[in-house]
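Inspection log for the structure reproduced underneath, given as structure tokens.
In UniProt numbering, the protein residues as written are 1 to 863.
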């Protein structure tokens, strides 16, 4: 790279993902202990995490386009397989990972909608995958060849869907699937690439299976059901051995079950009960109550120690001997609503969600404090400047204050807002709280040592208040609302100073550190710079192309600010230039809040994902976008240093971000530009936008079609008139229809003549370049198998012309004069060619043939 083109180091640095706080407890059997007994593997959003048990070091496996629905590990520990959920009708990928290299090996795409469950064979050579309700198939894959061996419907027609699968521990030729009213043992025939199912006989018992496990010697397998009992079956005889417990069944079903080496089974229920049982009575030998429904039991080694994952996003560690739980990891089980740092320190930060507020240690990502308010949702939080209280806004309309050390409730402001408190902020002197409600009011509260008093209710907003920021001198604040206004308030006079109006639902607002400008964003995906003095717009940036911007924060120096929203990206912007400098990728859900630590070392973002995960990083850079940047820089350097390049200067483009029009090998082969392309499937018009660090993939709908009926008339009389229906593209020409008719009738396209007939006779014919929309569904279109013969002076070369003709401006080769009539007299007037179409019958009986003959210079139809 030339010295003059060398970029500053800050533009090349990538955001380093430091830690992820979260656990997806809703994935069945999603928590797995690796055979090396040193790592835990579990999914989180669209990422698979590998975490060290001793050091908590995390590795991230990125590759899925949607939430991971299942995960499994091979018996030798070399491979990890994970499946995902996707939209209906689209293929859901199974990804095979190399555990040692932590990289993607293969992407197996065959199922649609969702991957329910995965299992490896004992020798790790084969992988079986089970599709979801929209797929309903089971497929056996070759791990070495990365290809499907065979597949079959997973369940019969008279039963429900199969939801879980487990492989034999001893044989590669057997696995078991179970689900709603079905339990099947499958035998594999690898030479013939077939699998054969055998339904297990359970007598009068009809159960919905939630979980399954296999004994170490394959003598029996156990299934857990929604009714809270366990079925023990013999895979050799396919018969029911025993069932239990008879009386006290497990509440909310047996959601997970694991067979131990000594013959006992570990049971996890939907009510959070973990029990050690033994066949045949299955009465709990040991039992313990955990928080949240149990979805995973991961054995470490032979079961002397095991890990339990619950729906409440908790991971517990238990020992077989004492059977006492130890909480080793936790996170919010719902969407995270807000993030805040205490003033002047980056060592701690607090988050809020449904039912709780949590305080975290930044460097270790450990939970230090949990404050719980049952059945309520905390929408916003803030620390008092003196650090003595945490102020929280709740959906029941109350403002609650807690001590940050113990979580003790200090005071409650009842009925603070009528439709819940949606935003909150505090002044630096710790004497005021400014709150915003769902009804649109902004209220100023005076906080005393022993009292909380309402000073004023400001009633300018017409919808919920989404964000509040206070000036450093405590004399002014700005509020953003979903009614499309941002209002700057005078906190001395308690009156409005300025109002900003925009066609958007404002979600976030920030003061510049010098406090002469504010920046806003919302559902219109634009970032606005506004003057505080008069409320005029200074600059407007395109913040995103695929969703609303929900969170924003600015650094203490005002040099950079960060944004996040529905595009799942964390973007770092240069305030003065208005350009993106870094992008962080990792969230699988919509980002709702962003916060930069006081020392500008960390960016903490939270996501409105289903599982409430948080991703925390520092200067992360997406690999794909970095590759585009690198290739573009190489292109520019090669282009500028190539000998003999054109001296002509390229014309200036409409955008300053548009790359040079000069081409190079890199650009031609890799398209290394900051370009986002969108192509219409109908008119094929392409829209290109040039913007740095913008890589958005949009699903484009397939080309639409419409139905058209055509009647085929063959030469042979033995063949009857055939009426066919064709799905033709909406935007096409008659040439496309002629080719489709030729393919359907098994004749060449040159033999097809397309005309429209009616009971009154011939109406019109069609030429290839004519728009297909001129033919409606009600038109009687006939396709004749024409006989091209050099008769009446028509040359044989005329067969090279288009077979579909029209009475105006036929573009084929001109025809010579014939008969006593002259071409000049026939084509006088508008100069159009005229064609004669003759339909004749030759022979009789089975040997009769129809002939359609095209002649020159006149058009008629003869019966």
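Quick reminder that beta carbons are idealized off the backbone N, C-alpha and C, glycines included.
All of these numbers come straight from a predicted model, not from anything done at the bench.
Between residue 60 and residue 309 the beta-carbon gap is near 18 angstroms, outside 8 angstroms, which marks them as no contact. Nearest to residue 712 by C-alpha distance, out of 706, 448, 743, is 743. Rounded to whole angstroms, the gap between the alpha carbons of residue 507 and residue 51 is 35 angstroms. Between the segment 463 to 471 and the segment 443 to 452, the count of C-beta pairs closer than 8 angstroms stays below three; the two stretches do not touch. The distance from the Cβ of residue 58 to that of residue 300 is about 18 angstroms, inconsistent with a contact at the 8 angstroms cut-off.
Counting along the chain, the unbroken alpha helix (DSSP H) around residue 740 starts and ends at 734 to 745.
Across the structure, residue 597 and residue 346 are spaced so that their CA atoms are roughly 5 angstroms apart. Where residue 177 is concerned, the enclosing beta strand (DSSP E) starts and stops at 174 to 179. For residue 276, the three-state secondary structure derived from DSSP is strand. Between residue 276 and residue 267, the C-beta gap is smaller than 9 angstroms, which places the two residues in contact. Going by C-alpha positions, residue 311 is about 15 angstroms away from residue 210. In this chain, residue 246 is not harboured by any beta strand (DSSP E), its DSSP state being neither H nor E.
Distance between residue 571 and residue 554, taken at the CA atoms: about 12 angstroms.
The C-alpha of residue 121 lies about 38 angstroms from the C-alpha of residue 364. Residue pairing of residue 552 in beta bridges, as defined by DSSP: 563. Distance check between residue 263 and each of 214, 224, 289, 433 places 214 closest, using alpha-carbon atoms only. Listed as beta-bridge partners of residue 727 by DSSP are 707. A distance below 8 angstroms between beta-carbons, with the five flanking residues on each side excluded, links residue 148 to the following residues of its chain, in chain order: 108, 110, 139, 140, 141, 142. The C-alpha of residue 386 is placed about 19 angstroms away from the C-alpha of residue 351. If you check the CB distance, residue 568 and residue 551 do not come in under 9 angstroms. A check of alpha carbon separations from residue 146 across 87, 157, 81 identifies 81 as the nearest. Under the three-state reduction of DSSP output, residue 774 falls in the helix class. Restricting attention to 371, 287, 333, 382, the CA atom closest to the CA of residue 342 is found in 382. As computed with DSSP, residue 313 is found in no beta bridge at all.
Using a Cβ distance threshold of 9 angstroms, residue 244 and residue 197 do not count as a contacting pair.
Taking 9 angstroms as the cut-off, the beta carbon of residue 549 is found no closer than this to the beta carbon of residue 578.
Distance from the CA atom of residue 576 to the CA atom of residue 524, rounded to whole angstroms, is 22 angstroms.
Residue 76 carries a coil assignment under DSSP once its states are collapsed to helix, strand and coil. Inter-segment contact for the segment 27 to 46 and the segment 66 to 74 is present: three or more beta-carbon pairs are separated by less than 8 angstroms.
For residue 76, the number of other beta carbons within 10 angstroms of its own is below 16, and it is reported as exposed.
Residue environment for residue 453: exposed (fewer than 16 other C-beta atoms within 10 angstroms of its C-beta). The beta carbons of residue 564 and residue 592 sit closer together than 9 angstroms. For residue 127, the enclosing beta strand (DSSP E) stretches over residues 126 to 131.
Along the segment 451 to 516, the beta strand (DSSP E) occurs as fully enclosed runs of 3 or more residues at 452 to 458, 465 to 470, 476 to 481, 485 to 490, 495 to 501, 506 to 511, listed in sequence order. Residue pairing by DSSP places residue 353 opposite no residue, since no beta bridge is assigned to it.
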